[in-house]
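If you read the sequences in order, they're chains U and P. Residues 45 to 354 in my numbering are what the first sequence spells out, letter by letter. Residues 45 to 354 in my numbering are what the second sequence spells out, letter by letter. These notes concern the structure reproduced below.
Protein chains: 2
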Amino acid sequence: MRIGIDLGGTNTVVCLCKEDGSLLDKTRLPTRTGQPAQMQADMKQMALSLCQKQGVNPNEVTQIGIGVPGSFDKQTATLTFGTNLGMNNVCFAHAFQPEFRCPVRMDNDANCAALGETIAGAGRSCRHTVMVTLGTGVGGGIVIDGKLYTGCNDVAGEIGHMVIVAGGRPCNCGRRGCLESYASATGLIHLAEDALEGRTDSLLCTMRDQNGGKLTAKMVCDARDQGDPVASQVFEQYCMYLGCGLVSFVNILQPDRIILGGGVAGYGEKLLAPLREIIARESFKGVHKNTELVQALLGNDAGLIGAAML
Amino acid sequence: MRIGIDLGGTNTVVCLCKEDGSLLDKTRLPTRTGQPAQMQADMKQMALSLCQKQGVNPNEVTQIGIGVPGSFDKQTATLTFGTNLGMNNVCFAHAFQPEFRCPVRMDNDANCAALGETIAGAGRSCRHTVMVTLGTGVGGGIVIDGKLYTGCNDVAGEIGHMVIVAGGRPCNCGRRGCLESYASATGLIHLAEDALEGRTDSLLCTMRDQNGGKLTAKMVCDARDQGDPVASQVFEQYCMYLGCGLVSFVNILQPDRIILGGGVAGYGEKLLAPLREIIARESFKGVHKNTELVQALLGNDAGLIGAAML
């Protein structure tokens with residue numbers, strides 16, 4: 045048995061998993077941000093409750109894994125820098141003792157999602173996968189030979205911070221022109237804002253104005269579905285940028301599958317189909333096999349299961 | 045004992061290696077392009093001569109590896125498409141029988157160089173390395189956990205074909221704005237040609253004119269060494285593009301080392317120092333360790349040793 049924890053800025057979710065990654069049960073509580081001792085106590089209590097409910101002796105738990113939003117030191121299971129959690133340098137290695145005596149592992153939430161999808165979701169039975177999460181930013185994770193690949197220093201897989209437009213749009217990471225600046229939900233909104241500059245004749249304008257002047261990624265998809273030419277053009281541009289990044293991942297890593305997750309991936313086949321065309325047209329191809337592009341299957345459970353399986 | 049072969053469009057080099065990758069002896073012959081049977085006979089003869097010279101019984105050879113310039117099918121050790129060799133669909137699996145009975149492996153020359161440098165050169169004792177070869181194109185190879193990483197279909201590691209300028213300069217691969225289009229020796233020449241457009245007042249112009257109007261990458265380095273401001277500006281631009289690609293490799297893969305090889309890397313520390321600054325400034329960093337940038341050590345032997353160690 046394993047415990048997986050998705051430590052978020054809003055909620056903390058704790059799950060109990062079998063050794064093969066199948067989810068038995070989960071529970072959630074609001075995260076007590078800025079209160080590390082209370083937050084750790086909550087986590088332990090949730091883990092104990094799950095065990096009790098499922099008739100599992102805490103001694104049977106072989107590993108506790110935590111997915112965190114921020115910087116961490118894997119070797120000591122320490123959250124070194126957790127802006128959204130309002131706490132730095134919190135060590136979790138002993139937080140579950142004395143009831144649980146197993147090792148505590150830690151990785152970032154995007155990596156956990158990549159591992160979870162590979163073990164139990166859209167990348168099942170694959171050796172090599174790349175997960176690309178299209179949310180506020182572009183998160184990601186790389187699984188090689190069925191294991192999370194984290195490089196020489198545990199921070200590999202920052203695939204959103206591959207530059208696709210040298211000198212382009214400023215990115216939060218300090219570089220310019222990162223994939224994240226164009227292919228995140230935020231990037232899609234920026235593309236739409238640029239396209240609407242000085243226009244009033246588009247359905248997308250009307251939607252924005254009805255929402256108090258605020259554009260969302262979903263509006264672009266909805267307006268495109270209703271035939272709005274501006275939204276269609278913005279969407280095409282978005283696919284060009286995202287496709288550009290995906291083709292580079294194929295050329296570099298040739299994973300069995302690239303798994304698209306996050307809010308924008310909810311647009312489903314309408315997003316995947318044009319991206320597959322770009323990949324087929326532009327990427328290096330093998331003799332026997334090529335990278336497939338698929339949609340994530342597990343939603344928020346991916347990070348939870350992945351944490352359990354670290 | 046192992047045999048490594050670097051099958052080039054001009055010469056074929058065959059070596060004898062120990063199991064740890066140390067080179068014992070090597071020999072070379074011009075490649076008989078367009079004549080697959082003769083070429084295979086030459087290879088076998090060179091391998092047999094090396095064994096005889098070193099007192100090695102061909103039965104002691106545990107593996108023969110061939111680095112090829114072109115497309116191949118690893119599973120059948122077949123060169124599927126070898127433009128520079130004037131031959132397609134040539135199978136090497138049985139080319140060394142009956143004298144040698146060991147398996148014959150194959151990979152592309154850039155991958156072999158990456159493996160060779162990692163086992164016996166600038167990446168020695170590293171777990172994860174990325175080799176970037178700056179020649180006519182930008183070749184590359186990825187070593188993960190000490191083994192060549194070739195993805196789901198044996199064509200991973202095409203790191204020269206990561207786009208850094210979406211919609212930019214056309215690349216031979218069919219995409220636009222690939223790293224290769226900017227960071228290869230050819231890319232450096234293009235940057236210099238653009239900078240010299242309409243100018244006659246630069247040392248670089250004089251050098252070009254004295255060479256029958258033909259610029260080379262070395263001229264840019266030489267003119268910069270002599271204080272030519274145009275060459276300095278071109279070189280700075282080149283470092284910006286190459287650095288952009290290297291930082292992305294760090295963010296994605298966080299290898300222990302990035303190894304720069306190929307002609308342009310011969311400029312040594314004068315190239316590496318500014319690139320290290322860009323990497324330090326722009327890349328994601330770990331708590332304990334970060335990616336080092338180093339120059340390749342083995343020259344052409346890298347591909348030969350890597351082939352032996354496939």
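Positions of the beta carbon are idealized from the N, C-alpha and C atoms, including for glycine. Since the model is a prediction, treat every value here as computed from it, not as a measurement.
- Under the three-state reduction of DSSP output, valine 199 of chain P falls in the coil class, being neither helix nor strand.
- In the three-state scheme derived from DSSP, where H, G and I count as helix and E and B as strand, threonine 106 of chain P is classed as coil.
- For valine 187 of chain P, the enclosing beta strand (DSSP E) has its first and last residue at 182–188.
- Any Cβ of chain U closer than 9 angstroms to the Cβ of tyrosine 285 of chain P would place that residue at the interface, and such an atom is present.
- The alpha helix (DSSP H) runs of length 4 or more contained entirely in the segment 276–329 of chain P are, from start to end of the chain, 313–326.
- By the 16-neighbour rule on beta-carbons within 10 angstroms, arginine 168 of chain U is exposed.
- Under a criterion of Cβ atoms nearer than 7 angstroms, the residues of chain U adjacent to asparagine 295 of chain P are, in order, Glu202, His205, Met206.
- Shown in chain order are the members of the segment 100–133 of chain P whose Cβ falls below 7 angstroms from a Cβ of chain U: Asp117, Thr124.
- For methionine 263 of chain P, no pairing in a beta bridge is given by DSSP.
- At a cut-off of 9 angstroms, the C-beta of valine 264 of chain P has no neighbouring C-beta in chain U.
- For leucine 348 of chain P, the enclosing alpha helix (DSSP H) covers residues 345–352.
- Around alanine 210 of chain P, the same chain offers Arg220, Gly221 as residues with beta carbons nearer than 8 angstroms, after the five sequence neighbours per side are excluded.
- Beta bridge pairing from DSSP links aspartate 245 of chain U with no other residue.
- For asparagine 128 of chain P, the closest of P/Ser115, P/Glu321, P/Thr194 by C-alpha to C-alpha distance is P/Ser115.
- The CB of aspartate 50 of chain U never comes closer than 9 angstroms to any CB in chain P; the least such distance is about 22 angstroms.
- The distance from the Cβ of glutamate 161 of chain P to that of leucine 342 of chain P is about 6 angstroms, consistent with a contact at the 8 angstroms cut-off.
- Spanning the alpha carbons of glutamate 224 of chain P and cysteine 156 of chain U requires a straight line of approximately 33 angstroms.
- For glutamine 98 of chain U, same chain residues with a beta-carbon under 8 angstroms away, outside a window of 5 residues either side, are Leu60, Leu68, Asp69 in chain order.
- Note on glutamine 82 of chain U: under 16 other CB atoms within 10 angstroms of its CB, so exposed under the neighbour-count rule.
- Residue burial annotation: serine 66 of chain U is exposed, with fewer than 16 other C-beta atoms found within 10 angstroms of its C-beta.
- Contact with chain P is absent for isoleucine 303 of chain U, since none of that chain's Cβ atoms lies less than 9 angstroms from the residue's Cβ.
- In the DSSP assignment, aspartate 69 of chain P falls within the beta strand (DSSP E) that extends over 67–74.
- With three or more CB-CB distances shorter than 8 angstroms, the segment 188–196 of chain U counts as touching the segment 140–159 of chain U.
- Secondary structure note for isoleucine 208 of chain P: it is in no alpha helix (DSSP H), with a DSSP letter that is neither H nor E.
- For lysine 191 of chain P, the three-state secondary structure derived from DSSP is strand.
- In the DSSP assignment, serine 115 of chain P falls within the beta strand (DSSP E) that extends over 115–117.
- Neighbours of aspartate 198 of chain P across chain U, judged by C-beta separation under 7 angstroms: Gly330.
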